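Remarks on the structure that follows.
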Amino acid sequence: MSYSALFFQLVQNVLVLLAAPLLLGWINQCRAWLQNRSGAGMLQPYRNLIKLFHKDAVLAHNASPLFRATPYILFACMWLAAALVPVLATDLPLSPAVDVIALVGIFALARVFIALAAMDIGTAFGSLGARREMLVGFLAEPALLMVLFTASTISQSTSLITIVETLAHKQFVLYPSMTFAAVAFFMVLLAENARVPVDNPSTHLELTMIHEAMILEYSARHLALVEWASALKLLAYMTIGIALFAPWGIAEGGNWNALPFAVVLLILKLTIAGAGLAFVETMSAKMRIFRVPEFMGTAFLLAVLGLLTHFLLET
Amino acid sequence: MFDQFGMLPIDVVLGVVVFWLVLGMAGLALQNSRLIAQFIFPLSAIGSLVLAGAALAGLGEVSTAILPLGLPDLPFHLRLDALSAFFILLLGAASIGIALFSAGYFRRMVAAELSLLCLEYHIFLASMALVFLADDAYMFMVAWESMALSSYFLVTTDHNQPDVRRAGFLYLLIAHVGAIAILMSFGVMQSGHGDYTFSAMRHTHLSDFWASIAFLLALFGFGAKAGILPMHAWLPEAHPAAPSPVSAMMSGIMLKTAIYGILRVSLDLLDTQLWWWGAFALALGLITALFGVIFAAVQVDMKRLLAYSSIENIGIILVGIGLTLIFHAFHKEALAALALTATLYHALNHAFMKSLLFLGTGSILHATGERHLGKFGGLIHKMPKLAILMLVGILAMAGLPPLNGFVSEWLLLQAFLLSPGLPHPYLNMLVPVAAAALALAAALAGFVMVKFYGVIFLGQPRDTTLAHAHDAGLWERIGMICMVIGCIALGIFPAFVILHLDFVTEMLVHHSLGSSAAQTGWLLLTPIQAERASYGPLVLLLIIGGGSLITVLLVKKLYHGRLRRGPAWDCGFPAQTARMQDTAEGFGQPIRQIFEWFMDVVRQVPSPFDLHPHYHGETHDRLWNLFYVPIKRVNEIIGNQVGKLQHGRIHMYLLYSFLTLLALLAFIQ
Numbered sequence: 002m003s004y005s006a007l008f009f010q011l012v013q014n015v016l017v018l019l020a021a022p023l024l025l026g027w028i029n030q031c032r033a034w035l036q037n038r039s040g041a042g043m044l045q046p047y048r049n050l051i052k053l054f055h056k057d058a059v060l061a062h063n064a065s066p067l068f069r070a071t072p073y074i075l076f077a078c079m080w081l082a083a084a085l086v087p088v089l090a091t092d093l094p095l096s097p098a099v100d101v102i103a104l105v106g107i108f109a110l111a112r113v114f115i116a117l118a119a120m121d122i123g124t125a126f127g128s129l130g131a132r133r134e135m136l137v138g139f140l141a142e143p144a145l146l147m148v149l150f151t152a153s154t155i156s157q158s159t160s161l162i163t164i165v166e167t168l169a170h171k172q173f174v175l176y177p178s179m180t181f182a183a184v185a186f187f188m189v190l191l192a193e194n195a196r197v198p199v200d201n202p203s204t205h206l207e208l209t210m211i212h213e214a215m216i217l218e219y220s221a222r223h224l225a226l227v228e229w230a231s232a233l234k235l236l237a238y239m240t241i242g243i244a245l246f247a248p249w250g251i252a253e254g255g256n257w258n259a260l261p262f263a264v265v266l267l268i269l270k271l272t273i274a275g276a277g278l279a280f281v282e283t284m285s286a287k288m289r290i291f292r293v294p295e296f297m298g299t300a301f302l303l304a305v306l307g308l309l310t311h312f313l314l315e316t
Numbered sequence: 003m004f005d006q007f008g009m010l011p012i013d014v015v016l017g018v019v020v021f022w023l024v025l026g027m028a029g030l031a032l033q034n035s036r037l038i039a040q041f042i043f044p045l046s047a048i049g050s051l052v053l054a055g056a057a058l059a060g061l062g063e064v065s066t067a068i069l070p071l072g073l074p075d076l077p078f079h080l081r082l083d084a085l086s087a088f089f090i091l092l093l094g095a096a097s098i099g100i101a102l103f104s105a106g107y108f109r110r111m112v113a114a115e116l117s118l119l120c121l122e123y124h125i126f127l128a129s130m131a132l133v134f135l136a137d138d139a140y141m142f143m144v145a146w147e148s149m150a151l152s153s154y155f156l157v158t159t160d161h162n163q164p165d166v167r168r169a170g171f172l173y174l175l176i177a178h179v180g181a182i183a184i185l186m187s188f189g190v191m192q193s194g195h196g197d198y199t200f201s202a203m204r205h206t207h208l209s210d211f212w213a214s215i216a217f218l219l220a221l222f223g224f225g226a227k228a229g230i231l232p233m234h235a236w237l238p239e240a241h242p243a244a245p246s247p248v249s250a251m252m253s254g255i256m257l258k259t260a261i262y263g264i265l266r267v268s269l270d271l272l273d274t275q276l277w278w279w280g281a282f283a284l285a286l287g288l289i290t291a292l293f294g295v296i297f298a299a300v301q302v303d304m305k306r307l308l309a310y311s312s313i314e315n316i317g318i319i320l321v322g323i324g325l326t327l328i329f330h331a332f333h334k335e336a337l338a339a340l341a342l343t344a345t346l347y348h349a350l351n352h353a354f355m356k357s358l359l360f361l362g363t364g365s366i367l368h369a370t371g372e373r374h375l376g377k378f379g380g381l382i383h384k385m386p387k388l389a390i391l392m393l394v395g396i397l398a399m400a401g402l403p404p405l406n407g408f409v410s411e412w413l414l415l416q417a418f419l420l421s422p423g424l425p426h427p428y429l430n431m432l433v434p435v436a437a438a439a440l441a442l443a444a445a446l447a448g449f450v451m452v453k454f455y456g457v458i459f460l461g462q463p464r465d466t467t468l469a470h471a472h473d474a475g476l477w478e479r480i481g482m483i484c485m486v487i488g489c490i491a492l493g494i495f496p497a498f499v500i501l502h503l504d505f506v507t508e509m510l511v512h513h514s515l516g517s518s519a520a521q522t523g524w525l526l527l528t529p530i531q532a533e534r535a536s537y538g539p540l541v542l543l544l545i546i547g548g549g550s551l552i553t554v555l556l557v558k559k560l561y562h563g564r565l566r567r568g569p570a571w572d573c574g575f576p577a578q579t580a581r582m583q584d585t586a587e588g589f590g591q592p593i594r595q596i597f598e599w600f601m602d603v604v605r606q607v608p609s610p611f612d613l614h615p616h617y618h619g620e621t622h623d624r625l626w627n628l629f630y631v632p633i634k635r636v637n638e639i640i641g642n643q644v645g646k647l648q649h650g651r652i653h654m655y656l657l658y659s660f661l662t663l664l665a666l667l668a669f670i671q
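Protein sequences, first through last, are from chains Y and L. Residue numbers for the first sequence follow our numbering, so the first one is 2 and each next one is one higher. Residue numbers for the second sequence follow our numbering, so the first one is 3 and each next one is one higher.
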């Protein structure tokens with residue numbers, strides 16, 4: 002493990018932590034523009050976080066230690082996930098410990114904890130949210146896994162770094178398998194990050210809410226960490242998408258010369274992706290909750306189809 | 003380890019078996035429940051510990067013994083090779099915790115019942131050890147049947163209840179149907195030589211047809227014990243009926259005897275392996291896994307839920323066996339070793355995590371007297387220590403890193419990912435679909451475990467009686483802590499565990515992961531090459547744990563730690579009651595809705611004008627009506643016809659004997 006690799010890892014850890022709310026702010030701002038509002042500005046998520054951290058936390062009388070511990074575990078999981086995805090450079094010392102399957106495992110760990118915390122207080126909304134989150138999760142998780150499997154069979158590895166390096170070296174050819182995988186991945190991204198049409202991130206009282214229903218009982222610093230973790234999760238998903246479907250321009254190994262270019266390119270990619278997400282969200286209406294399993298089932302089938310296509314046509 | 007005493011590992015194993023039998027007898031003689039619970043059971047745990055040690059030492063060497071018992075020309079042959087040593091290790095390691103738990107659990111049982119139970123318990127343990135040791139078909143069947151019978155008596159401990167008797171009978175019936183198939187499989191494998199020792203079977207070459215017959219019979223016979231579809235019906239009946247430590251032992255250990263049997267027959271006793279055996283086992287395993295987990299999601303009885311979850315895990319293990327057979331048949335030994343390692347790893351994991359959960363249900367049952375999930379809620383406040391132990395159990399069971407359930411699923415998925423390259427085009431198509439189905443089952447396991455833990459431990463108590471619940475006792479906790487340590491250790495040090503599994507893969511598929519698995523040290527698990535795949539659970543644990551701690555400290559330091567307690571907000575809705583939470587039925591409702599075509603759902607929805615509405619819903623297994631009931635009908639018809647021969651008049655029976663004699667004479671002529 003070289004010092005430069007360690008440096009890259011540290012920089013990335015700090016960078017994702019600071020950049021995640023900005024990405025959320027950018028998406029919200031884009032949504033505001035698309036809806037003909039002026040919006041609160043891209044820095045609003047930071048202001049929200051600071052406000053929440055300053056407040057006194059209020060806990061329900063019957064909140065257990067699990068409820069208090071969950072925001073921290075959630076935050077650590079998402080931070081780790083976001084820090085693992087090679088976005089700027091492919092020389093990350095943490096990466097060998099966590100391959101793509103383990104990455105999906107970390108997301109699942111976070112999901113299980115937040116669902117348990119939601120059931121802890123014993124309110125109607127909490128357990129309803131937990132049930133729905135697990136429902137979305139049980140189809141989203143294998144779909145994500147299949148998307149990642151398609152990429153790993155192409156690159157003969159489940160290590161994210163090898164996948165990115167292999168895919169970045171391929172010429173731009175439209176792989177049928179990766180096309181299926183990209184569509185499936187986008188659907189999973191929408192569902193897992195509580196975006197329209199599956200869930201609405203800006204709701205607080207809606208009978209069809211999922212993620213917001215789970216975190217209703219959190220306040221102050223706990224809520225701040227949960228929100229920050231959500232932002233980190235969104236960033237992690239976005240960067241996984243970029244790494245799988247648009248990896249060009251990444252600084253391979255610890256190439257310092259390629260780094261400035263990689264930074265500019267990454268910002269550009271995230272800007273476009275964020276605007277695209279806002280556009281899709283604005284253009285679509287929220288689904289009935291009963292339709293969500295169909296939506297997720299479609300994503301799962303598309304992902305399997307992608308993998309099957311790869312096995313049949315591309316090997 | 004035992005060499006300095008001039009003892010072979012097999013002698014130590016036999017010694018423990020005798021020790022267990024003596025303990026069982028002593029229990030029968032003692033007739034004092036406190037003494038039996040707190041004296042015999044801890045001694046039994048020490049026996050388990052010694053057994054595990056002997057098995058660990060026995061992994062690397064083969065030792066045999068012949069006991070002067072059994073048939074005149076067929077004494078009991080015993081053999082301790084890597085495969086049996088691995089399963090004896092599983093038996094020893096998992097039964098330590100169960101025995102210690104039992105020391106607390108059975109403390110208040112009626113003395114007469116407990117001394118019988120103690121005897122059956124130890125015969126059960128000893129016969130399982132002998133199943134793994136047996137080296138001839140006769141010895142195997144004797145041990146297998148004593149295991150089935152002793153466990154039948156254990157299941158029917160509460161034989162005053164008709165449900166328990168019914169469950170026990172169903173179990174005994176299916177166990178015997180399975181035993182007949184196993185016996186016939188051995189009959190095929192000895193191929194007319196009349197030599198029933200396993201070493202003779204190893205040297206017999208069967209034609210593809212007869213080898214397939216032997217394999218299918220063994221799969222059916224052992225599958226009946228393991229709960230592979232469609233022979234699963236006894237599991238959800240017998241597990242809730244049995245006392246919790248017995249359920250733990252049956253689910254955690256006894257199901258693995260069937261896995262042992264399948265591995266022993268298919269990879270050791272039969273000298274040819276056909277690829278379609280593997281494909282068949284793979285498909286059967288996937289169906290079993292999905293079936294188990296979907297039904298687990300809609301259960302409302304906590305032990306039935308765990309029983310269905312066991313069916314799922316057996317399915318996953320069978321998937322691993324199927325993959326191993328496919329790879330082995332195509333001479334891809336490195337891949338076969340990987341798939342077999344995943345299989346064995348999952349069997350070991352399941353022994354620990356499922357026993358832990360079953361033991362936990364025992365403590366809950368003692369504390370509340372209730373098995374129905376709809377009566378629980380908020381037990382984390384009444385039983386905080388149990389809640390922590392069970393949290394580890396459900397996280398492991400849900401296959402989450404960095405615990406053990408994840409390691410074996412990770413290995414299995416790696417084996418799937420390496421499959422392209424099989425020379426068979428159809429198999430190449432099957433593989434991604436199978437991987438997807440496995441991933442789906444694994445993800446659903448998360449749903450099931452959140453339901454299990456959330457409904458029992460979290461939320462508000464749904465029943466007033468829960469106010470008197472007490473935490474698990476000291477012995478019970480010690481037993482469960484043993485299991486928790488197993489779950490964590492297997493999760494954190496996979497490279498170290500795989501080094502020991504290598505003896506088994508080396509024996510069965512003549513290849514091992516050892517050289518590559520630990521090439522980058524014990525910190526990282528790299529089953530093939532570091533570039534292809536690697537997983538470092540300790541790093542993961544340290545980062546998530548460390549990250550959480552740093553966050554806690556930073557938030558406290560930079561801001562404040564002020565905290566107020568207040569009533570739950572719930573969107574400002576004022577009148578909160580415990581009945582507004584999801585019930586077990588409610589939590590499983592989405593799964594039931596999605597897979598309704600798959601189940602037999604009976605529902606009574608009250609009319610909207612009903613002043614005292616009462617909702618009632620039941621979910622049944624369609625296979626019961628499709629498979630079991632027709633067989634039962636045919637049996638009844640045959641039985642009625644045969645019954646006509648019985649008149650109760652002695653001269654008619656003499657006539658039958660005379661006619662039979664005549665027929666036989668004619669046949670011999």
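C-beta: ideal position from N, C-alpha, C; glycine also. Source: prediction; values computed, not measured.
- When DSSP states are grouped into helix, strand and coil, histidine 205 of chain Y belongs to the coil group.
- Separation of alanine 87 of chain L and glycine 263 of chain L (C-alpha to C-alpha, rounded to the nearest whole angstrom) is 14 Å.
- Pairing leucine 542 of chain L with leucine 81 of chain Y gives a Cβ-Cβ distance under 9 Å.
- Straight-line spacing of the CA atoms in glutamine 301 of chain L and isoleucine 313 of chain L works out to 13 Å.
- Within 10 angstroms of the beta-carbon of phenylalanine 139 of chain Y lie 16 or more other beta-carbons, which makes it buried.
- With the rule of 3 Cβ pairs closer than 8 Å, the region 119 to 136 of chain Y does not count as touching the region 84 to 100 of chain Y.
- With the criterion set as a beta carbon lying under 7 Å from some beta carbon of chain L, the members of the region 41 to 68 of chain Y are Phe54, His55, Asp57, Ala58, Val59, Leu60, Ala61, His62, Asn63, Ser65, Leu67, in sequence order.
- In the DSSP annotation of this structure, proline 615 of chain L is not part of any alpha helix (DSSP H), being labelled neither H nor E.
- The shortest C-alpha to C-alpha distance from alanine 535 of chain L to any of Y:Cys31, Y:Ile162, Y:Gly127, Y:Cys78 is the one to Y:Ile162.
- Under the Cβ criterion of 9 Å, tyrosine 537 of chain L is counted among the residues facing chain Y.
- Under the 9 Å criterion on CB atoms, methionine 601 of chain L is classed as non-interfacial with respect to chain Y.
- For the region 268 to 299 of chain Y, the set of residues with a beta-carbon nearer than 7 Å to any beta-carbon of chain L comprises Pro294, in chain order.
- Going by beta carbons, alanine 471 of chain L and glycine 362 of chain L fall outside the 9 Å limit.
- Membership of aspartate 602 of chain L in the beta strand (DSSP E) is indicated by the continuous run 602 to 606.
- Contact of valine 113 of chain Y with chain L is assigned, a C-beta pair being separated by under 9 Å.
- At least one CB atom of chain Y sits nearer than 9 Å to the CB of aspartate 584 of chain L.
- Of all residues in the region 143 to 157 of chain Y, only Pro143, Leu146, Met147, Phe150, Ser153, Thr154, Gln157 come within less than 8 Å of chain L when Cβ atoms are compared, listed by chain position.
- When DSSP states are grouped into helix, strand and coil, phenylalanine 78 of chain L belongs to the strand group.
- Boundaries of the alpha helix (DSSP H) harbouring alanine 56 of chain L: 43 to 60, taken from the DSSP string.
- Exposed is the label assigned to lysine 646 of chain L, since fewer than 16 other Cβ atoms lie within 10 Å of its Cβ.
- If the five residues before and after histidine 513 of chain L are omitted, its C-beta is found closer than 8 Å to the C-beta atoms of Glu335, Ala336, Ala338, Ala339, Thr507, all from its own chain and listed in chain order.
- Across the region 89 to 105 of chain Y, CB contacts with chain L closer than 8 Å involve Leu95, Pro97, Ala98, Val99, Asp100, Ile102, Ala103, in sequence order along the chain.
- The beta-carbon of phenylalanine 9 of chain Y is placed no less than 9 Å from the nearest beta-carbon of chain L.
- Nothing from the region 167 to 194 of chain Y brings a Cβ to less than 7 Å from some Cβ of chain L.
- Counting only Cβ-Cβ distances below 8 Å, serine 128 of chain Y has contacts in chain L at Gly456, Gly461, Gln583, Asp584, Gly588, Phe589, in chain order.
- In the DSSP assignment, valine 137 of chain Y forms no beta bridge with any residue.
- Serine 178 of chain Y and leucine 288 of chain L have their C-alpha atoms roughly 24 Å apart.
- Considering only Y:Ala70, Y:Ser3, Y:Gly275, Y:Leu85, the residue with the shortest C-alpha distance to asparagine 194 of chain Y is Y:Gly275.
- By the C-beta density criterion, leucine 663 of chain L is exposed, having fewer than 16 other C-beta atoms within 10 angstroms.
- Using a 10 angstroms sphere on the CB of leucine 551 of chain L, the tally of other CB atoms stays under 16, which defines it as exposed.
- Here DSSP, grouped into helix, strand and coil, assigns threonine 199 of chain L to strand.
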